[in-house]
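In this text, residue positions in the sequence shown follow the working numbering: the first is 1174, and each later residue adds one.
C-beta: ideal position from N, C-alpha, C; glycine also.
Note that the structure is predicted; figures quoted are calculated from it, not measured.
For reference, the structure discussed in these notes is given below.
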Amino acid sequence: MEATPWKFESSSGHQCCSKTVLCMTRVLNKKLKKSSKKWMQRQVNDPYVEQAKQEGYRSRAAYKLLEMQRKFKLANKDSVVLDLGAAPGGWSQVMSEIARDVIAIDLLDMAQLPNVEFIKGDFTDNNVIRELNQLLQNQKVDVILSDMAPNICGIKQVDHLRIIELVEMAYDFCHVALKPGGNFVAKVFQGGTCSELLDKIKKHFVSVKHFKPLASRKESSEIYLVAIGYRL
Ligand SMILES: C[S@@+](CC[C@H](N)C(=O)[O-])C[C@H]1O[C@@H](n2cnc3c(N)ncnc32)[C@H](O)[C@@H]1O
């Protein structure tokens, strides 16, 4: 007698047999292997990955911030910096070498760094904001950085909306915690920031620009919004 194939029930109540699951896994693995291979190739051929390894930075992203710091003088030795979407910690490392204090937040864990206070959690979660406010004790910061990126689903409009939502939340937090004269940097995707949000940001900063650092991969649609000189 033929053995009954193993079955499981999905959350939607549909039953799949083991053959279907096996087949789905193979297709998924094939796709993953292809994208992982691409990622590996990019990493091996990337001069910034090598430079980060040699200079002890946790990520190649550090060079994006170093370039923006050189160009826009975002922080100085007295600055307090809020780093949103900080893991694995390249930007926090750069800022901990320049600024007085850094507060870093990420969904993922991040190994400790000198002068960096880390909160693990979702910046869009009220409990995390509460923890952040407790840490700040009503003190304002000089720089707010957001390199937060949502999980990319591949549908352009959806990805765009998700990142805009994060930028909007980071920008709203400027009104809570950024000192007058402070600076704000946020990752957006090409096509820039949506015009409504851009208009709001322009009203509250002396200068607002989009900037693509050299270390940002050409094929990546990421670009940074750099807003200098917060005003009420
Ligand atoms: C491109 S990485 C940041 C790299 C980092 N700037 C560096 O230099 O190493 C983006 C990070 O944003 C984080 N992130 C995405 N959405 C977030 C959210 N809602 N709250 C906190 N972190 C978030 C991700 O977990 C991820 O670690």
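For residue i, the three-state DSSP class (helix, strand or coil)
i: P1353; result: strand
i: Y1236; result: helix
i: K1360; result: strand
i: E1392; result: coil
i: M1321; result: coil
i: Q1266; result: helix
i: K1246; result: coil
i: N1306; result: helix
i: Q1227; result: helix
i: A1432; result: Beyond the ends of the chain as shown, which are 1174 and 1405, falls residue 1432; an answer cannot be given.
i: D1345; result: helix
Through-space distance from residue j to residue i, alpha-carbon basis
i: G1402; j: L1334; result: 26 Å
i: Q1363; j: K1391; result: 11 Å
i: L1308; j: V1301; result: 11 Å
i: R1273; j: V1289; result: 9 Å
i: Q1266; j: V1331; result: 31 Å
i: H1397; j: H1383; result: The amino acid occupying residue 1397 in the given sequence is Tyr; His does not appear at that position. Cα to Cα, Y1397 sits roughly 6 Å from H1383.
i: D1345; j: L1257; result: 13 Å
i: L1405; j: E1395; result: 28 Å
i: F1357; j: V1399; result: 6 Å
i: Q1285; j: I1276; result: 11 Å
Sheet register partners of residue i (DSSP bridge)
i: E1290; result: I1276
i: V1254; result: V1275 and V1316
i: V1331; result: Bridge partners of V1331: none, in fact.
i: I1401; result: S1380
Residue i beta carbon near ligand 2 (any heavy atom closer than 7 Å)
i: I1278; result: The model depicted lacks ligand 2 and carries ligand 1 instead.
Residue burial classification, residue i (beta-carbon count within 10 angstroms, cutoff 16)
i: N1218; result: exposed
i: D1298; result: exposed
i: S1393; result: exposed
i: V1361; result: buried
i: V1340; result: buried
Open item on the list: When you compare the stretch 1225 to 1245 with the stretch 1374 to 1391, are there three or more beta-carbon pairs, one atom per stretch, that lie closer than 8 Å?
Closed with: yes
Open item on the list: Under 8 Å: do the stretch 1365 to 1376 and the stretch 1270 to 1282 share three or more Cβ pairs, one atom per stretch?
Closed with: Under the three-pair Cβ rule at 8 Å, the stretch 1365 to 1376 does not count as touching the stretch 1270 to 1282.
- [ ] Count the CB pairs spanning the stretch 1247 to 1254 and the stretch 1307 to 1323 that are closer than 8 Å, and state whether there are at least three.
- [x] The answer is yes - the stretch 1307 to 1323 touches the stretch 1247 to 1254, with three or more Cβ pairs under 8 Å.
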